[in-house]
Structures are given as structure tokens and as C-alpha cells.
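Student: Numbering (full-length UniProt numbering), first residue to last: 1 to 426.
Here it is, the structure, as C-alpha cells.
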Ligand SMILES: [Zn+2]
Ligand SMILES: [Zn+2]
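Okay, here's the thing in C-alpha cells:
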């Protein structure tokens, strides 16, 4: 089995002397099939640390790999240890390491850039062309009892950050990167599509950055209710100002829903006023996509009215964190002139409809995001430590490592927000 970081092939004597129990690991065998079994203990490198992993978050990309039986579009050709959102305690330190000692609490930065490709040389290591990433082909994941990594990729965690929260530092680091890519600044307005962990974490980061108004959407009523109750540690009030349940876009001009928009908006609002035929009169040749776009504009115009942003004609920043094509249409529709639209959610390989004319007319900055950059982990740890972001509320269920399959099924159910695996628990 491939190692995460492997220059030296022999385990140093100090690790052998620890007499560690078998390295129980969560191994993906094929589509929706996990085996919890012992895998070789990773070899401590001279510049590395060996970590007793305490907690690991499971995220949408793990779920994608689990359901698809592959990683990054590639099927699993050999069993692969999963997981990339971990934290734990240092139990051995390589001979060259001066920054860490046994007993240190650390997070795991899961991406090891090559340092040699053109993107790395340009300082954009998150889009390294030869990245080793925990749980991706060529690298073991961290959903195991003991994990070894370079010491500089194991940032220290202060005592006041709980282990459970520590298992969610990586998605918070992604939230920080979302803030950078979308250039989120104080007193802006945001629309977030998708109230899963990344959507909620993005809201928490924007709130910590002093966003003026945050609006969020989801198609899952349970997630809408959850998002409404995500409380700010700074104000004691909900982080998201308005959370809306939104139905899929209709693909015909006949009707949006039987009773118009208000029926599927989760907030009390007058809604209404939208009648059949209003949208497409005189445009018989309109395509299905055009009709969806028409509905998206109608819906978002009504939302802007409900949230008091009619005068501004949209929001400053749109974060699409669901991967749904409908959300993309809604997102462009609710963006104000000159806004930034960030695509975070993983959709299909391509979309059938994206309103490019509106992108041009509004002069939107449309961007993508991959992983996180150098300052994101320290910023995430700092925000948790200072208490300006709270992840504890997002952790809805925990499983011992031996129940990893159940953990993945819990993520798949869509009923949980953040699922944490306790790596040392049987
Ligand atoms: Zn993740
Ligand atoms: Zn590289």
C-alpha cells in the first residue's frame, strides 16, 4: 500500500519500541464497500511526525469516493485508506524535527504539493499538478489509528480547541480559502447555495469577517431548519439572516409550483404575484434552459424583496456550495452587477445551462476553487481558538473507527451535517 510521504523505507527504532497495536484503518475496496482492517504502520520520516489520530471528519468528497468506488473520477484499482480531515496527538518525532515534541496536539494538512511543477513554482501549490492528497490514489488517507506526515504539515492546535472540532479544521480551512477566492470583505451581502457543512462554514467565516447580510438556500427542508438554528458565538443570534427552502426549477412555462413561489419558500412571506404565462409571453421558441432561467430570475427578484435588497439589485458575493445546476442559475440571478460568483459545489462534469449573457451583462467574476492555500490552516485554527467560529454545533453524529461504514452511510443519508469518526475508538 502506498505511503503518504516516503523517503525512508525502514521504521526507526523509536517507533518499533512503542509496540503499537495494529493500525486499524478504513479501507475502500469498491463502490459502497468498506473494510475496517489493519494496514501497515506508516513509516516515520526524519522530517516527520507520527500521529495517533483522534478524530476525522467525513466530507462530501469522501462520500463521493465511497459512492462512486473511485477517487477523482478514477476507479479504485487497489484498496485505499480513506479520510483527509484529521487531528491527533504526536507520539514520535523524526530525528530532524525541532518544531514538535511527543504529546503535541496537531491537525493534519492533507495535501503534499510536489514543489516542482509550474503551479508550485508559481506559488499556487493548491493546484499542484502532482499533488499527493490523503485518501487519493498514491497516498494513504488518515482514517486510521496512526498516521505519519511531514512535521510542517502538522500545525499545532491549542488546548481550547476540542478534538471533535479539530477533526473539522480542514473544512474550515476550505471556508477560509472560499473567503479568499470570493474576496469576502466586511459589510458585504452574500447568498450561499447549499446548507451542508461547507455552506454553513462559509456563512460562519463570512460572519466572522463581519458580513452585513447572509442569505442561504437548500432543497432539503431538514438542512434549512438546521441552518436557521446555527448560532453565532459572537452575537448569540443566528449566523444566517434568511434561510430559504427552494424547490427544483420547473422546466416548463406552465407553472413554477401549483401556488407560485411562496409555497416552497421556507420563510413567512407574502410571495405570490407570479402567474403562469407571465414569464414567456411572445417567446414560444424559448428553450427549456431559458425557461428555467426566467423562473430563477423571478424567484430571486422576490427573494431580494423579502430580504430588503431590492434597491441594491442583488448580493455582493454568491457562493454556490451545492453543485446543483438550478443553484447555479439562481446564483447568477441573485448576483448584483459586478459581483463575484464562486463555484464550490461539485456538479456533473458539465452543466446544460449557465446564463452566460447575464454573466457578461453583469460583469460577474466567475471563479472556481480547489482545496486550500498556505495560510488557511493557521487562520482556521486561530478562528476556532479565539471562538469567533463554532464548529461544535455542526457535529451531529460520531462513530468509532470500526463503524466507518455506518459513518459513510450517515453522510449519504443527507440527514446529518458533520459526521466525525473517532479513530481510537473500537
Ligand atoms: Zn473534506
Ligand atoms: Zn506541484
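The beta carbon of each residue, even a glycine, is placed where N, CA and C say it ideally should be.
Indicate the three-state DSSP secondary structure (helix, strand or coil) for residue 165 in the structure shown.
Tutor: Helix.
Student: Between which two residues does the alpha helix (DSSP H) holding residue 372 run?
Tutor: Run containing residue 372: none; DSSP gives neither H nor E here.
Student: Can you list, in chain order, the residues of its chain whose CB lies under 7 Å from that of residue 352, leaving out five sequence neighbours each side?
Tutor: Counting only Cβ-Cβ distances below 7 Å, and skipping sequence neighbours, we find 289 and 325.
Student: Quick check: the Cα distance between residue 238 and residue 422, rounded to an integer number of angstroms?
Tutor: Rounded to the nearest angstrom, the two C-alpha atoms are 29 Å apart.
Student: Does the beta-carbon of residue 337 have 16 or more other beta-carbons within 10 angstroms, so that it is buried, or is it exposed?
Tutor: By the 10 Å Cβ count, residue 337 comes out exposed.
Student: Is residue 119 near ligand 2, with its Cβ less than 7 Å from a heavy atom?
Tutor: Residue 119: yes, Cβ under 7 Å from ligand 2.
Student: So the alpha helix (DSSP H) residue 222 belongs to, where does it begin and stop?
Tutor: Its alpha helix (DSSP H) spans residues 221-228.
Student: With residue 14 as the anchor, note down where its beta strand (DSSP E) starts and where it stops.
Tutor: Per DSSP, residue 14 belongs to no beta strand (DSSP E); it is in the alpha helix (DSSP H), 13-16.
Student: Taking 8 Å as the threshold (beta carbon to beta carbon), is residue 45 in contact with chain D?
Tutor: Judged by its chain identifiers, the structure shown contains no chain D, having just a single protein chain.
Student: Heavy atom of ligand 1 less than 7 Å from the Cβ of residue 100, yes or no?
Tutor: No, the beta carbon of residue 100 sits no closer than 7 Å to any heavy atom of ligand 1.
Student: Mind checking whether the beta-carbon of residue 113 lies closer than 7 Å to any heavy atom of ligand 2?
Tutor: Because some heavy atom of ligand 2 lies under 7 Å away, the Cβ of residue 113 counts as near it: yes.
Student: Going by DSSP, what residues sit across from residue 23 in a beta bridge?
Tutor: DSSP, once it has assigned bridges, lists 39 as partnering residue 23.
Student: How big is the Cα-Cα spacing for residue 167 and residue 56?
Tutor: Rounded to the nearest angstrom, the two C-alpha atoms are 5 Å apart.
Student: Let me know the secondary structure DSSP gives residue 141 once reduced to three states.
Tutor: In the structure shown, residue 141 sits in coil (DSSP, three-state: anything other than H, G, I, E or B).
Student: Would the segment 107-121 and the segment 187-202 be scored as touching if the rule is three or more Cβ pairs under 8 Å?
Tutor: No: fewer than three Cβ pairs fall under 8 Å.
Student: Report the rounded CA-to-CA distance for residue 70 versus residue 311, giving the unit in angstroms.
Tutor: Their backbone Cα atoms lie some 47 Å apart in a straight line.
Student: My assumption, with CB atoms under 8 Å, is that residue 126 sits in contact with residue 371. Please give the rounded CB distance.
Tutor: Correct: roughly 4 Å between the Cβ atoms.
Student: Return yes when the C-beta of residue 116 is under 7 Å from any heavy atom of ligand 4, and no when it is not.
Tutor: Absent from the structure shown: ligand 4. Ligands present: ligand 1 and ligand 2.
Student: Would you tell me roughly how many angstroms separate the C-alpha atoms of residue 341 and residue 382, rounded to the nearest one?
Tutor: Taking the straight line from one Cα to the other gives about 27 Å.
Student: What number of angstroms, rounded off, separates the C-alpha of residue 302 from the C-alpha of residue 348?
Tutor: Whole-angstrom Cα-Cα distance: 28 Å.
Student: Any idea what DSSP makes of residue 251, helix, strand or coil?
Tutor: Coil.
Student: Are the segment 93-113 and the segment 34-52 touching, with three or more C-beta to C-beta distances below 8 Å?
Tutor: A contact exists between the segment 93-113 and the segment 34-52.
Student: When the Cα atoms are used, what is the spatial distance from residue 286 to residue 329?
Tutor: Each residue's alpha carbon lies about 16 Å from the other.
Student: Less than 8 Å between the C-beta atoms of residue 203 and residue 331, yes or no?
Tutor: No. Outside cutoff.
Student: Secondary structure at residue 242, three-state DSSP: helix, strand or coil?
Tutor: Residue state, collapsed to three classes: strand.
Student: How about residue 129: is its Cβ closer than 7 Å to a heavy atom in ligand 2?
Tutor: Result yes, Cβ under 7 Å from ligand 2.
Student: Return yes when at least one heavy atom of ligand 1 lies under 7 Å from the C-beta of residue 62, else no.
Tutor: Residue 62 Cβ: within cutoff of ligand 1.
Student: Beta carbon of residue 187: closer than 7 Å to some heavy atom of ligand 1?
Tutor: Flag unset: Cβ of residue 187 not near ligand 1.
Student: Expressed to the nearest angstrom, what Euclidean distance is found between the alpha-carbon atoms of residue 50 and residue 17?
Tutor: If I take the Cα positions, the gap works out to 13 Å.
Student: Can residue 12 be considered in contact with ligand 1, in the sense that its beta carbon sits closer than 7 Å to one or more heavy atoms?
Tutor: Incorrect: residue 12 has no Cβ contact closer than 7 Å to ligand 1.
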